[in-house]
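Okay, structure first, notes after.
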Amino acid sequence: MAKIKKSVGRTTTVGVIDPGVLAFTAGKDVVLDRELIEVDCLGTAAHVTMLSRMKVNPPILTQAECRRVLGELQKIIEQARAGKFAITLDDQDVHLAVERTLTASLGDVGKKVHTARSRNDQVALDLRLYARNQILGTLEEVATLAETLLAFARRHVGVPMVGRTHMQPGMPSSVGLWASAFSEELADAMELLVALYQVNNRSPLGSAASYGVPLPIDRALVARLLGFEGPAHNVLYANQGRGRMESLVLDGMSQVMLTLSRLAQDLMLFTMPEFAYFTLPAEYCTGSSIMPQKKNPDVLELVRAKAARVRAHASAVYDLSRGLPSGYNRDLQEAKEPFLEGIATTRSSVRVMSGLIVGTTVNRDALRRGFTPDVFATDRALELVGEGMPFRDAYHHVKNNLHELAQLDPEAAIRKKVHEGAPFGLDFAEMKGRIAVPARYAKNEAKKLGKTFQKLFWHSSC
Ligand code: ARG
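Residue 464 is where the sequence shown ends in our numbering, and the numbering goes up by one at each step.
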């Protein structure tokens, strides 16, 4: 059996820790937290502004000290943008890395920034700020994909396509109906993302370790400075809302991925040579190392697989949260990786699918070849209904005489479907509007947040 030596502790900002334990507990934070440097600095900027405005004597932080902190935070943000801000193992995470850096440049002033907060509420805040930006970015990208699908649908609104159920030929349909179905599904997902944005848009800062602090902090001010709707009110909930919030956001992401996965599956099917309804852009296909003729839809296969991963991330975060007792628990740190990866995977999948759809072409002849006479069976039965026959009789009449069905003109067939949402009853303006409303919301919010953060530093209220 391996002998375990008594270790020599390693001194960190928050105590002496065994080096192995330090590496184990910090885990991937030293890498993952690089994503959070900027939001961590924004949170600290708002926090120090609030500290400097607290009516206590002696002041916790003077206005001049606050301004010095803001200046240093800006430098850290610039370094982070250039990829030059380091988070070391001794730091454990971004929060202590920023505090170490501020203390190195500002001495005692740096040591004051953590007054009245804990890393627990700090990381909860960072993740909410991060989620806000990411949801807005996702909304813009999903809007692009939904619009691309809608434009594709509009271009091919009169192109007949066999409508299938159970994968078997069913009734006359159109490429326009097929493509705009996915667009509308994405519009629904966008509304869901806006709702999640709003649920997430509350500041947990000031909840500290989970139970607040015995100092007259102004949580509403911090929330306002960061452009939140307000604080998450109950300090215990504000803190333990972590985990739940990430799981909600990932639920939204996985809904987007659900649409992408099914779209990918359809495209794989309908681009098979046996169907050849559509042709994928060559630059979105990959070759084989042995079969020279190959043009493989790897992008689509990966999107389908990534949908499974994003869903798994959502489940992982839910599962690691659901058994936790109230208050902060370190388990929550494990939610960070699936959270960050789930969002990034969703966004890259959405972007790649937009490009793929733009370059996908439609093969009218192949689509037309799918129309065998039996595809018109239901239309024929309904024609008999129009002549006065009860539907069930018409159904049996056609069923017993399938061989009599004529090869009709699929274009004429789809032109007869004019009621709301049918191939020739698609309201493109309405569908465009469903995408535009959440897209506009995202754009306005992003603009508003940009201004809020500018103000935080440039017209500081410390
Ligand atoms: N990296 C930690 C996390 O993600 C920060 C909070 C640490 N808090 C603590 N009480 N150990 O949860």
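Idealized CB from N, CA, C, for every residue including glycine.
Since this is a predicted model, take the numbers as computed values, not measurements.
Is residue 267 helix, strand or coil when you go by DSSP? As a first step, residue 267 is located in the sequence shown; it is residue number 265 there, counting from the start. Correct three-state label for residue 267: helix.
Residues that DSSP places opposite residue 162 in a beta bridge: Along the sequence shown, read from residue 1 onward, the residue named residue 162 stands at position 160. In the DSSP output, where bridge partners are listed per residue, residue 162 has 176.
Using the rule of at least 16 other Cβ atoms within 10 Å of the residue's Cβ for burial, across every protein chain shown, is residue 295 buried or exposed? Translated into positions along the sequence shown, residue 295 becomes position 293. When all chains shown are included, residue 295 counts as exposed.
With distance defined between alpha-carbon atoms, name the residue in 211, 404, 205 nearest to residue 221. The residue labelled residue 221 in the question sits at position 219 within the sequence shown. Out of 211, 404, 205, 205 has the C-alpha closest to the C-alpha of residue 221.
Beta-carbon spacing of residue 171, residue 162 below 8 Å: Taking the sequence shown and counting its residues from 1, one reaches residue 171 at position 169. Taking the sequence shown and counting its residues from 1, one reaches residue 162 at position 160. The answer is no: Cβ separation not under 8 Å.
Whole-angstrom C-beta distance between residue 32 and residue 79, which should lie under 8 Å: Working through the sequence shown from its first residue, we reach residue 79 at position 77. Working through the sequence shown from its first residue, we reach residue 32 at position 30. The pair is not a contact, with the Cβ atoms about 19 Å apart (cut-off 8 Å).
Between the segment 236-243 and the segment 107-126, do three or more beta carbon pairs fall short of 8 Å? yes
Which one of 306, 219, 363 has the shortest CA to CA distance from residue 210? Along the sequence shown, read from residue 1 onward, the residue named residue 210 stands at position 208. Cα-wise, what sits closest to residue 210 is 219.
Check whether the Cβ atoms of residue 361 and residue 233 lie closer than 8 Å to each other. As a working mapping, residue 361 is identified with position 359 in the sequence shown. As a working mapping, residue 233 is identified with position 231 in the sequence shown. No. Outside cutoff.
Closest by C-alpha distance to residue 117, when choosing among 132, 139, 77, 61: If you number the sequence shown from 1, residue 117 lands on position 115. Comparing Cα positions, the closest option is 61.
Relative to the C-alpha of residue 436, which candidate in 28, 73, 137, 186 has its C-alpha closest? One-based indexing of the sequence shown puts residue 436 at position 434. Taking only the C-alpha atoms, the option nearest residue 436 is 186.
DSSP state of residue 205 mapped onto helix, strand, coil: Locating residue 205 in the sequence shown gives position 203, counting from the first residue. If DSSP states are grouped into helix, strand and coil, residue 205 belongs with the strands.
Counting C-beta neighbours from all protein chains within 10 Å, is the total for residue 388 16 or more, i.e. buried, or is it exposed? Against the sequence shown, residue 388 aligns to sequence position 386. The residue is exposed, with fewer than 16 neighbouring Cβ atoms inside 10 Å.
Under a three-way DSSP split, which group does residue 388 fall into? For the purposes of this step, residue 388 is taken as residue 386 along the sequence shown, with counting starting at 1. Here residue 388 sits in helix by DSSP.
Is the segment 294-311 close to the segment 103-117, with three or more CB pairs under 8 Å? no
Find out if the Cβ-Cβ distance for the pair residue 372, residue 228 is shorter than 8 Å. By one-based count along the sequence shown, residue 372 stands at place 370. By one-based count along the sequence shown, residue 228 stands at place 226. No, the Cβ-Cβ distance between residue 372 and residue 228 is not below 8 Å.
Let me know if residue 393 comes out buried or exposed under the rule of 16 or more other beta-carbons within 10 Å of its beta-carbon. Sequence index remark: in the sequence shown, residue 393 carries index 391 (1-based). Per the 10 Å Cβ criterion, exposed.
Residue from 201, 249, 384, 262 with nearest C-alpha to residue 322: Working through the sequence shown from its first residue, we reach residue 322 at position 320. With distances taken between Cα atoms, residue 322 lies closest to 249.
Please classify residue 347 as buried or exposed, where buried requires at least 16 neighbouring CB atoms within 10 angstroms. Along the sequence shown, read from residue 1 onward, the residue named residue 347 stands at position 345. With 16 or more Cβ atoms within 10 Å of its Cβ, residue 347 is classed as buried.
May I ask which residues mark the beginning and end of the beta strand (DSSP E) holding residue 19? As a working note, residue 19 is residue 17 in the sequence shown. Taken as a continuous stretch (DSSP letters only), the beta strand (DSSP E) holding residue 19 covers 17-19.
Work out the CA separation of residue 23 and residue 10 for me, nearest whole Å. As a working note, residue 10 is residue 8 in the sequence shown. As a working note, residue 23 is residue 21 in the sequence shown. Roughly 11 Å separates the two Cα atoms.
Is the beta carbon of residue 31 within less than 7 Å of some heavy atom of the ligand FMN? Although the ligand FMN was asked about, the structure shown includes only the ligand ARG as ligands.
Would you mind stating whether residue 404 and residue 383 have Cβ atoms separated by less than 8 Å? Here residue 404 refers to the residue found at position 402 when the sequence shown is read from its first residue. Here residue 383 refers to the residue found at position 381 when the sequence shown is read from its first residue. Not in contact: residue 404 and residue 383 (Cβ atoms no closer than 8 Å).
Residue 223 versus 207, 370, 300, residue with shortest Cα-Cα distance: As a first step, residue 223 is located in the sequence shown; it is residue number 221 there, counting from the start. The candidate whose alpha carbon is nearest that of residue 223 is 207.
Following the continuous alpha helix (DSSP H) through residue 130, name the residue where it begins and the one where it ends. Within the sequence shown, the letter at position 128 stands for residue 130. Here the alpha helix (DSSP H) through residue 130 covers 121-157.
Counting only runs of 4+ residues fully inside the segment 179-259, write out the alpha helix (DSSP H) ranges in chain order. 221-227, 237-242
Just tell me which of 273, 21, 199, 247 has its CA closest to the CA of residue 324. In the sequence shown, counting from the first residue as 1, residue 324 sits at position 322. When only C-alpha atoms are compared, the closest one is 247.
In whole angstroms, what separates the C-alpha of residue 412 from that of residue 165? Here residue 412 refers to the residue found at position 410 when the sequence shown is read from its first residue. Here residue 165 refers to the residue found at position 163 when the sequence shown is read from its first residue. Roughly 11 Å between the two C-alpha positions.
The beta strand (DSSP E) spanning residue 14 covers which residue range? Numbered from its first residue, the sequence shown carries residue 14 at position 12. Counting along the chain, the beta strand (DSSP E) containing residue 14 begins and ends at 12-14.
Alpha helix (DSSP H) containing residue 315: first to last residue? Translated into positions along the sequence shown, residue 315 becomes position 313. That run of the alpha helix (DSSP H) goes 300-324.
Beta-carbon within less than 8 Å of residue 298's beta-carbon, same chain only, minus the 5 sequence neighbours each way: which residues are those? Looking up residue 298 in the sequence shown gives position 296. Excluding sequence neighbours, residue 298 sits near 287, 288, 289, 290.
What are the start and end residues of the alpha helix (DSSP H) that includes residue 96? Here residue 96 is taken as the residue at index 94 of the sequence shown, counted from 1. Unbroken alpha helix (DSSP H) run through residue 96: 96-108.
Distance check for residue 351 and residue 302, CA to CA, integer angstroms please. In the sequence shown, counting from the first residue as 1, residue 302 sits at position 300. In the sequence shown, counting from the first residue as 1, residue 351 sits at position 349. Rounded to whole angstroms, residue 302 to residue 351 spans 9 Å at the Cα level.
Under 7 Å Cβ to Cβ from residue 366, same chain only, skipping five residues before and after it: list those, please. Working through the sequence shown from its first residue, we reach residue 366 at position 364. Contacts found: 161.
In angstroms with no decimal places, state the Cα-to-Cα distance between residue 334 and residue 27. Along the sequence shown, one-based indexing puts residue 334 at 332. Along the sequence shown, one-based indexing puts residue 27 at 25. When rounded, the distance between both Cα atoms is 12 Å.
Is residue 199 near the ligand ARG, going by C-beta to nearest heavy atom under 7 Å? Taking the sequence shown and counting its residues from 1, one reaches residue 199 at position 197. Answer for residue 199: no, Cβ out of range of the ligand ARG.
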